[in-house]
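A short write-up of the structure that comes next.
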Amino acid sequence: SAVISQKPSRDICQRGTSLTIQCQVDSQVTMMFWYRQQPGQSLTLIATANQGSEATYESGFVIDKFPISRPNLTFSTLTVSNMSPEDSSIYLCSFPQPTGTYNEQFFGPGTRLTVL
Amino acid sequence: GNSVTQMEGPVTLSEEAFLTINCTYTATGYPSPFWYVQYPGEGLQLLLKATKADDKGSNKGFEATYRKETTSFHLEKGSVQVSDSAVYFCALSALGFGNEKLTFGTGTRLTIIP
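These protein sequence lines map, in sequence, to chains A and B. First residue of the first sequence: 1, per the working numbering; consecutive thereafter. First residue of the second sequence: 1001, per the working numbering; consecutive thereafter.
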């Protein structure tokens, strides 16, 4: 299976600043997803990022707040802009990869963000 | 849209006890259910899945049967171990192909005591 890494693994940031999270995969993948896991809650999809096209955002998430880049088939970034304490979450990237006749989604280890 | 309802936690069991974590869903079309597990300090990983009705997924002693008539995918294990302590998430893929977004339940934190 492919290996997926994220940087940073955790960070503590001040209100009003921005943080860019990197997601690196060791093989080429067409589709990537960015999820948010708020404290004590489930994972919520932020956006779908396909290489060569604009990211598609889910209801409640906007590009100005969470800009995403997808410069190639192995890399993506998610920026959390103008942060507030409500943005404190774990952010995860994932991608589907064929396993047999099906696609399995693989997740990165996550970036734990704390906003003060 | 789709939704997943998962048994609330936390759940604490003694070693060798029987485990059930309930999961039901609402969805349109032909969804596929999954169980993901998040061990302490590690990333989310697939535990088991089912691709069609009445399929039974199994892995590491865990089982779950996809019951379309009750829209359920309950996770079971006959004898839990301390190493099973983790957070378990039920999830749903809308179209069943695995390359769409996943809808997750709230997660159930399981602690097994020796």
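Here a beta-carbon is modelled for each residue, glycine too, at the ideal position from N, C-alpha and C.
For a cutoff of 8 Å on Cβ pairs, would you count L1044 (chain B) as touching chain A?
Cβ-Cβ to chain A under 8 Å: yes for L1044 (chain B).
Would you call the segment 1098–1108 of chain B and the segment 43–59 of chain A touching, i.e. three or more CB-CB distances under 8 Å?
yes
Under DSSP, the beta strand (DSSP E) around P78 (chain A) begins and ends at which residues?
Residue 78 (chain A) is actually Leu in this sequence, not Pro. Where L78 (chain A) is concerned, the enclosing beta strand (DSSP E) stretches over F75 to V80.
According to DSSP, is S1014 (chain B) helix, strand or coil?
strand
Count the CB pairs spanning the segment 1073–1088 of chain B and the segment 1012–1021 of chain B that are closer than 8 Å, and state whether there are at least three.
yes
Decide if Y1025 (chain B) is buried, meaning its Cβ has at least 16 other Cβ atoms within 10 Å, or exposed.
buried
Mind listing the chain B neighbours of P109 (chain A)? Cutoff is C-beta to C-beta under 8 Å, in chain order.
E1042 and G1043
Look up D11 (chain A) in the DSSP assignment and say whether it is helix, strand or coil.
strand
Counting pairs of beta carbons, one from the segment 1059–1074 of chain B and one from the segment 101–116 of chain A, are three or more of them closer than 8 Å?
No: fewer than three Cβ pairs fall under 8 Å.
Sort A:T30, A:S9, A:F75 and A:D26 by Cα distance to N50 (chain A) and report the nearest one.
A:T30
I want to verify the contact list: residues of chain A whose CB lies under 8 Å from the CB of G1105 (chain B), in sequence order.
S42
Excluding sequence positions up to five away, which residues of its chain have a Cβ less than 6 Å from the Cβ of Q22 (chain A)?
Taking Q22 (chain A) as the centre and dropping the five residues before and after it, the same chain places the C-beta of K7 and T77 closer than 6 Å to its C-beta, in chain order.
If I follow the unbroken beta strand (DSSP E) through E58 (chain A), where does it start and stop?
E58 (chain A) -> no beta strand (DSSP E), and no H or E assigned at all.
According to the Cβ coordinates, are P71 (chain A) and S9 (chain A) closer than 8 Å?
no
Go ahead and label E1100 (chain B) buried or exposed: buried means 16 or more other beta carbons lie within 10 angstroms of its beta carbon, across all protein chains shown.
buried
Consider the Cβ of K1056 (chain B): report whether some Cβ of chain A lies at a distance smaller than 8 Å.
For K1056 (chain B), not one C-beta of chain A is nearer than 8 Å to its own C-beta.
Exposed or buried, what is P96 (chain A) when buried is set at 16 or more other beta-carbons lying within 10 Å of its beta-carbon?
buried
By the 7 Å beta-carbon criterion, what residues does the segment 43–70 of chain A contribute toward chain B?
L43, L45 and T48
Taking the alpha carbon of P85 (chain A) as the reference point, which residue from A:P98, A:V25 and A:P39 has its own alpha carbon closest?
For the set A:P98, A:V25 and A:P39, the Cα lying nearest the Cα of P85 (chain A) is the one of A:P39.
Is A1050 (chain B) near P1033 (chain B), with beta carbons less than 8 Å apart?
yes
Would you say Q24 (chain A) lies against chain E (beta-carbon separation less than 8 Å)?
Given the protein chain composition of this structure (A and B), no chain E is represented.
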